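Visitor: Pasting in a structure now, in structure tokens, and then I'll have a few things to ask.
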Amino acid sequence: MNYNIDELIRMAEQDTHTIVIRSGASNCSMSIVYNVNGKRISFSKSLAAQLGITNEIYMLPIKDANTLILSAKPIGSKSSVGTVTGEGKKICYSAQLCKALVEIFKLDYDHATSLSFRDISFDIMNDEKVAI
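For the sequence shown, position 38 matches number 59 in our numbering, and the numbering has no gaps at all.
Dropping the structure here:
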């Protein structure tokens with residue numbers, strides 16, 4: 022299904038969850054590591070640069086559209102924020118955010134410890150570039 026940005030925000034505002042994620046585009050990617058040894062979300066150098074991510078990333082999950090919106094600035098009233106570290110590639114060491122994304126999007130880690138998402142597109146929302 023294709024949704025425009027206004028529809029996605031409307032869906033997020035009506036959703037009872039308060040987290041975000043999805044991805045895709047050339048060398049832009051996001052990975053979620055979720056296992057007994059660690060939980061983290063990594064954002065490729067290219068994705069971080071495209072969004073201008075420095076110390077924080079804002080995530081808005083839209084469960085009904087199976088979509089995650091990422092931004093360097095707050096997105097709507099239900100976006101969650103994660104602190105990121107690293108030069109180039111950015112990493113968010115938040116077990117709580119990882120768990121929320123795994124639960125919201127029903128990600129299957131039965132035979133994997135890491136899942137990568139490369140189907141990322143970009144749009145402009147409130148004069149800011151966002152990844153969808």
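Where a beta carbon is used, it is the ideal one built from N, C-alpha and C, also for glycine. Source: prediction; values computed, not measured.
With distances taken from CA atoms, which of Ser63, Ile83, Leu91 and Pro82 is nearest Ile145?
Guide: Residue 145 sits at position 124 when you count from the first residue of the sequence shown. Cα-wise, what sits closest to Ile145 is Leu91.
Visitor: Spell out a yes or no on whether the segment 70-80 and the segment 110-127 are touching, meaning 3 or more CB-CB pairs, one atom from each, closer than 8 Å.
Guide: yes
Visitor: Taking contact to mean at least 3 C-beta pairs separated by less than 8 Å, is the segment 124-134 in contact with the segment 92-100?
Guide: Contact fails: fewer than three Cβ-Cβ distances are below 8 Å.
Visitor: Does the Cβ-Cβ distance between Phe143 and Ala152 come in under 8 Å?
Guide: Translated into positions along the sequence shown, residue 143 becomes position 122. Translated into positions along the sequence shown, residue 152 becomes position 131. For Phe143 and Ala152, yes; Cβs fall inside 8 Å.
Visitor: Quick one, which of Ala69, Val57, Ser67 and Ile62 has its alpha-carbon nearest Arg118's?
Guide: Stepping through the sequence shown from its first residue, residue 118 is reached at position 97. The question names Arg, but residue 118 is Leu in the sequence shown. Leu118 has its Cα closest to that of Ile62, out of Ala69, Val57, Ser67 and Ile62.
Visitor: Ends of the beta strand (DSSP E) at Ile125?
Guide: Position 104 of the sequence shown, counted from the start, is the residue given in the question as residue 125. Run containing Ile125: none in the beta strand (DSSP E); it sits in the alpha helix (DSSP H), Ala116 to Ile125.
Visitor: Quick one: residues in its chain with C-beta nearer than 8 Å to the C-beta of Glu149, no 5 flanking neighbours on either side, listed in chain order?
Guide: Residue 149 sits at position 128 when you count from the first residue of the sequence shown. These residues qualify, in order along the chain: Ser92, Ala93 and Lys94.
Visitor: What's the C-alpha gap between Ile53 and Lys111?
Guide: Here the question's residue 53 lines up with position 32 in the sequence shown. Here the question's residue 111 lines up with position 90 in the sequence shown. Put simply, the backbone Cα of Ile53 is about 12 Å away from that of Lys111.
Visitor: Cα-Cα, which of Lys60, Met51, Ala86 and Asn56 is closest to Ala70?
Guide: Indexing the sequence shown from 1 puts residue 70 at position 49. Closest by alpha carbon: Met51.
Visitor: Report buried or exposed for Thr75, applying the criterion of at least 16 other Cβ atoms within 10 angstroms of its Cβ.
Guide: Along the sequence shown, one-based indexing puts residue 75 at 54. Exposed, by the Cβ-count rule.
Visitor: Using three-state DSSP, classify Ala133 as helix, strand or coil.
Guide: Working through the sequence shown from its first residue, we reach residue 133 at position 112. Three-state result, Ala133: coil.
Visitor: What would DSSP say about Ala152, mapped onto helix, strand or coil?
Guide: Here residue 152 corresponds to residue number 131 of the sequence shown, with the count starting at 1. Ala152 falls in the strand class under three-state DSSP.
Visitor: Output the distance between the C-alpha atoms of Ile141 and Asn87, rounded to the nearest integer angstrom.
Guide: Working through the sequence shown from its first residue, we reach residue 141 at position 120. Working through the sequence shown from its first residue, we reach residue 87 at position 66. Rounded to the nearest angstrom, the two C-alpha atoms are 13 Å apart.
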